[in-house]
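Residue numbers (my numbering): 56 to 207.
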């Protein structure tokens, strides 16, 4: 059975909600290979005291371990928020086939919004990008988190 983008984005949203419960910025990521989840994570920056502990980075490590290969060329990542430049660079380096995200990050987005890293002309490997899958749900979760943080 071929599962659709919403199915996997719901999994990423579940991860994002776990981050929210832990007081982390609510971002979740899921990596799929042959229609199976081989990596899933949420932000753990605060818990691990590690600026690189983004959902995408942790999921990439899990996926590489699952495949016993750092090249994830037949894999797709679903992530609730557009990856930052660090994560976008790692996605390109890992040779992901596609990244699908929910909400744009107009401040720090590295895939499309600010830097266009995923399809930068000089990259040897370019990553297909699909945006806006379950965008409203992804935005809403982030907006609630930041409203609460600001005391709105």
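Positions of the beta carbon are idealized from the N, C-alpha and C atoms, including for glycine.
Computed from a predicted structure; not experimentally measured.
Q.
So for residue 211, helix, strand or coil by DSSP?
A. Because the chain in this structure spans residues 56 to 207, residue 211 falls outside the shown range and cannot be described.
Q: Evaluate residue 135 with the Cβ neighbour count: other Cβ atoms within 10 Å of its Cβ, from every protein chain shown; 16 or more gives buried, anything less gives exposed.
A: Residue 135 sits at position 80 when you count from the first residue of the chain shown. Around the C-beta of residue 135, 16 or more other C-beta atoms lie within 10 Å, and the residue is accordingly described as buried.
Q.
By the DSSP assignment, the beta strand (DSSP E) with residue 92 in it spans what residues?
A. Here residue 92 corresponds to residue number 37 of the chain shown, with the count starting at 1. Under the DSSP assignment, residue 92 falls in the beta strand (DSSP E) whose first and last residues are 91 to 97.
Q. In three-state terms, what does DSSP make of residue 185?
A. Position 130 of the chain shown, counting from 1, holds the residue named residue 185. Three-state result, residue 185: strand.
Q.
Assuming contact is defined by CB atoms lying nearer than 7 Å, are residue 112 and residue 85 in contact in what I supplied?
A. Here residue 112 refers to the residue found at position 57 of the chain shown. Here residue 85 refers to the residue found at position 30 of the chain shown. Between residue 112 and residue 85, the C-beta spacing is not below 7 Å.
Q: Taking the CB atoms as reference points, tell me whether residue 144 and residue 114 lie closer together than 7 Å.
A: As a first step, residue 144 is located in the chain shown; it is residue number 89 there, counting from the start. As a first step, residue 114 is located in the chain shown; it is residue number 59 there, counting from the start. No.
**Q.** DSSP state of residue 139 mapped onto helix, strand, coil
**A.** Here residue 139 corresponds to residue number 84 of the chain shown, with the count starting at 1. Reduced to three states, the DSSP call for residue 139 is coil.
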